[in-house]
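Protein chains in written order, with my numbering: chain B, 1 to 281; chain U, 282 to 588.
Next up, the structure:
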């Protein structure tokens, strides 16, 4: 009982601190902006721990965060093998192939307004479909290993990336293109010096959307069959064995990998599109 | 309208690629069979054979259409082999989850817009959650909810008292709906926060000069101006909900719904069944997004906004 009361009291105190900080004159500072969400996250973890212990929730329903952390620390080698299999081999290679292919396609159809008018609506339509459903088909074609996962990722990221790049290449305005024409610039020059730089915010938008899709595709494709390693494989088998702390550890890895992947792409974007209004503060 | 011809050209090209792929990928099996039987196949025989196999590596479009037609219109809709039956199971989970996810998302967004503490503590997490593969918790959630017995929409007794029998879609509905809700929740939160903050300082000042109450500002300024954002996030949300429901069906029991069809199809090598389920899911997604698009156009037109 003391666990429950303790965690509820902790929650109340922390909420009070957050409310006080958010309305204090310090609220504009960088430190407070980082501190408040951190406090919220820690409070969630503490309340989770306290309630699970206090109400004696069985481990097969919800393990406490400390059990997950212990499991995480003691099975680092398994988690690393799974991470390499799913993220590096499956998601990352698929992401590079898919985004690269979409980018090249967009540049190739750039000179044909006819193809653009046809491909853009079709691409938009396909991007909204549950493409993850192609996973069983691709697993059948490419086998259980990471090749099929990379293929699912390629199919998933291709259309969002294509649509964004085509939109981006159309983003430079008439005045700028006319200026390039008065300079007597050739098509490749206009493309390299004006239109691709102007397209960068759109391209990075596509790249950022694709990071999450890539990880989801690689994990879900493993539910349809995989060798005996990989994050999706581990999640589905450990769920079957009811060792939920391992599942949560694997989910933690997925969450960390997802945010790190997104963060890296966002950082590159910051360097490349430093001129864009959304990057200047 | 002038895009019709380009779109048709692209679709025709995709179909041509699809047929060519079907002939290429299925020819190996056809040739193997012929060799075993000790006959030589002419080119036209190879083509006709590859487009009519029972378990092709890549079924031709017309085979998928035939399969779709047979499983949608020629089967009784209560039959376990009817795609309508499975589609409805997926759709019910999607819609239930979507409604709850959107409702909660809008409520949280209102809280975030009106409470600075909530904004500062919750909003970074809501944004960060968009970058993590939430879908990975689906198998666990299904099993945990099975363990604690929260699987059916109404319990067996309740639904039998109400309807006489327990409708098929209610069995095992809850875990799928929870995942569908979870997936549509965060896009709606992020979109609605943006939308409720869309009115600029000038408009908010005007409301203040009218001495409008907080409620009046909300109902007459913030909520109406959030509508375009609302519908955009609804479109993202319903697509995410559908994906969530389908993925949840991979681990749910009984194995039913469009996701279940894909899974059993992949167990038994029934490629036609997988493709039919895939096209079924695509049609469902397109219909749902299209429906929200129509609602959006209608609502925004009545509000005097340009959609």
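Even for Gly, the Cβ is constructed at its ideal location relative to N, Cα and C.
Taking beta-carbon pairs under 7 Å, can you tell me which members of the stretch 468-489 of chain U lie near chain B? none
Just how far apart, CA to CA, sit residue 283 of chain B and residue 453 of chain U? This structure gives no information on residue 283 of chain B, because the portion of chain B shown stretches from 1 to 281.
Taking residue 578 of chain U as the reference, which of U:287, U:302, U:508, U:503 has the closest Cα? U:508
Interface residues of the stretch 156-186 of chain B facing chain U [CB-CB below 7 Å]: none
Is it true that the CB of residue 344 of chain U sits closer than 8 Å to the CB of residue 553 of chain U? yes
Where does residue 111 of chain B sit, in a helix, a strand or coil, going by DSSP? helix
Three CB pairs or more closer than 8 Å across the stretch 416-433 of chain U and the stretch 457-465 of chain U: yes
For residue 157 of chain B versus residue 98 of chain B, is the C-beta spacing smaller than 8 Å? yes
Are the Cβ atoms of residue 349 of chain U and residue 557 of chain U separated by less than 8 Å? yes
Kindly confirm or deny that the stretch 55-64 of chain B and the stretch 239-247 of chain B touch, where touching means at least three C-beta pairs closer than 8 Å. yes
Near residue 122 of chain B, what residues of its chain come up, given a Cβ to Cβ distance below 8 Å and the 5 sequence neighbours on each side ignored? none
Quick check on residue 532 of chain U: does DSSP put it in helix, strand or coil? helix
Anything in the stretch 530-546 of chain U with a Cβ closer than 9 Å to a Cβ of chain B? List those residues in chain order, please. 531, 532, 539, 540, 543, 544, 546
Is the shortest distance between the beta-carbon of residue 216 of chain B and the beta-carbons of chain U less than 8 Å? yes
Between residue 129 of chain B and the ligand MG, is the CB less than 7 Å from at least one heavy atom? Although the ligand MG was asked about, the structure shown includes no ligands whatsoever.
Count the other CB atoms, across all protein chains shown, that sit within 10 Å of the CB of residue 326 of chain U; report buried if there are 16 or more and exposed otherwise. exposed
Hey, how far is the Cα of residue 551 of chain U from the Cα of residue 136 of chain B? 11 Å
Which residues in the same chain as residue 536 of chain U place their Cβ atom closer than 8 Å to its Cβ, once the five residues preceding and following it in sequence are excluded? 530, 544, 545
Shortest alpha-carbon distance to residue 249 of chain B belongs to which of U:405, U:417, U:368? U:417
Is DSSP giving residue 275 of chain B helix, strand or coil here? coil
Under a CB-based cut-off of 8 Å, is residue 523 of chain U close to chain B? yes
Coil, strand or helix - residue 53 of chain B by DSSP: helix
Residue 94 of chain B and residue 152 of chain B: beta carbons closer than 8 Å? yes
Does any CB atom of chain B fall closer than 8 Å to the CB of residue 284 of chain U? yes
Within a Cβ cutoff of 7 Å, which residues of the same chain sit near residue 85 of chain B, ignoring the five residues on either side of it in sequence? 146, 229, 230
Which class does residue 315 of chain U belong to by DSSP, given the choice of helix, strand or coil? helix
State the start and end residues of the unbroken alpha helix (DSSP H) segment that holds residue 178 of chain B. 174-182
Which of the three DSSP states, helix, strand or coil, is assigned to residue 60 of chain B? coil
Residue 584 of chain U by DSSP, collapsed to three states: which one? coil
Is residue 124 of chain B helix, strand or coil by DSSP? helix
Could you run through the stretch 404-420 of chain U and flag, in chain order, every residue whose CB is less than 9 Å away from some CB of chain B? 404, 405, 406, 409, 410, 411, 412, 413, 414, 415, 416, 417, 418, 419, 420
C-beta contact flag for residue 74 of chain B and residue 46 of chain B at 8 Å: no
Just the chain B side, please: which residues come within less than 9 Å of residue 504 of chain U by C-beta, in chain order? Result: empty, since nearest Cβ-Cβ is about 24 Å, beyond 9 Å.
If we cut at 8 Å on Cβ distances, does residue 401 of chain U have a partner in chain B? yes
So what's residue 1 of chain B in DSSP terms, helix, strand or just coil? coil
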